[in-house]
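A.B. asks: Residue numbers (this note's numbering): 80 to 229. In this text, a Cβ means the ideal position worked out from N, Cα and C, and glycines have one as well.
#1: Apart from the five residues on each side of it in sequence, which residues of its chain come closer than 6 Å, Cβ to Cβ, to residue 143?
#2: Whose C-beta lies closer than 6 Å to the C-beta of residue 281 among residues of the same chain, with five residues either side of it excluded?
#3: Give, in chain order, every unbroken run of the beta strand (DSSP E) that is at least 3 residues long and sits entirely within the segment 129–196.
#4: Using a Cβ-Cβ cut-off of 8 Å (strictly less than) and excluding sequence neighbours within five positions of residue 196, which residues of its own chain qualify?
#5: Check residue 211 in the structure and name its three-state DSSP category.
#6: Taking C-alpha atoms, which residue in 112, 100, 221, 140 lies nearest to residue 206?
In structure tokens, the structure reads:
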């Protein structure tokens, strides 16, 4: 009788160890799934941001080609000019000024800064798309130097 009583205590300990190991595996799998979902969510947002950056840069490139003089002397300055491009697709020049909040796609803010060189030969264009999530603020940036078309 005493031997059965000791065996039942040992079985209880084995059961507790097995349950603990199973719980650790379940917690690890759930944690891995959460990290995977968060990474996928970020990648989706980043891909959209890159698309918005490229869209604005291409539109600005077309504006440069269509009227270099206007682009060089009206749209850019030697102290930099910032535009808030929070409409997609881009169809016209927005008013000058930084974006006050995220309005592009509901979460993004897209700004383009045009900086004319002091010798008036080129314009450095910087397009930044930023967004915020639970991990903080993120941005995607594209910089290009435009020169007079040939």
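C.D. replies: Checking against the coordinates, here is how it stands:
#1: By the criterion of a C-beta distance shorter than 6 Å, residue 143 is surrounded in its chain by 150, 225, once the five residues flanking it on both sides are discounted.
#2: The chain is shown from 80 up to 229; residue 281 falls before or after that span and cannot be answered.
#3: Runs of the beta strand (DSSP E) lying entirely within the segment 129–196 and spanning at least 3 residues, in chain order: 160–163, 188–195.
#4: Contacts found: 157, 202, 203.
#5: Under the three-state reduction of DSSP, residue 211 is assigned to strand.
#6: Residue 221 is the option with its Cα nearest to residue 206.
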